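Numbering (the working numbering), first residue to last: 356 to 496.
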């Protein structure tokens, strides 16, 4: 969803660049600024701000997907509290969230064949390789 919000904002940003350029050129030529020009300019500036904020939010969540952490687990790691290890490798992490087939990840629908590999409630964990070293882990298949 964040991807589509960012994409929509980017399209709006690109589509209004010429209009904002025209408004700024008129303003520097001592022309009067109409109310609609003011609204377009404020909307353009707001779009830039929201695009940066949502873009940063999207980047943060992509980082979380890559290591298979929730926001709360990420905060616990920053506080030094160990969290459960659900990282199954980047490819498996993406398939848990977006589905097995990467070519359909950007389509905003899920069918029975193309849904994520988990049910959203239970998640596979990495299991210890041996009882001698519990910090050594391997993915469960």
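Ideal Cβ placement from N, Cα and C applies to all residues, glycine included. The structure displayed is predicted, hence computed values, not measured ones.
Among residues of its own chain, excluding the 5 on either side of residue i, which ones have a beta-carbon nearer than 7 Å to its beta-carbon?
{"i": "residue 421", "result": "445 and 448"}
{"i": "residue 429", "result": "419"}
{"i": "residue 392", "result": "378"}
{"i": "residue 405", "result": "364"}
{"i": "residue 486", "result": "No answer about residue 486 holds up, because its pLDDT of 47 lies below 50 and its placement is not dependable."}
Are the beta-carbon atoms of residue i and residue j separated by less than 7 Å?
{"i": "residue 399", "j": "residue 360", "result": "no"}
{"i": "residue 368", "j": "residue 389", "result": "no"}
{"i": "residue 578", "j": "residue 451", "result": "The chain is shown only over 356 to 496; residue 578 falls outside these bounds and no answer can be derived."}
{"i": "residue 442", "j": "residue 423", "result": "yes"}
{"i": "residue 408", "j": "residue 357", "result": "no"}
When we look at the beta-carbon of residue i and count the other beta-carbons within 10 Å, is it buried (16 or more) or exposed?
{"i": "residue 384", "result": "exposed"}
{"i": "residue 379", "result": "exposed"}
{"i": "residue 462", "result": "exposed"}
Residue i lies in the alpha helix (DSSP H); which residues open and close that run?
{"i": "residue 450", "result": "445 to 453"}
{"i": "residue 417", "result": "390 to 422"}
{"i": "residue 435", "result": "Residue 435 -> no alpha helix (DSSP H), and no H or E assigned at all."}
{"i": "residue 350", "result": "Nothing about residue 350 can be read from this structure; the chain reaches only from 356 to 496."}
So, for residue i: in the same chain, excluding its five sequence neighbours on each side, which residues have a beta-carbon less than 8 Å away from its beta-carbon?
{"i": "residue 371", "result": "395, 398, 399 and 402"}
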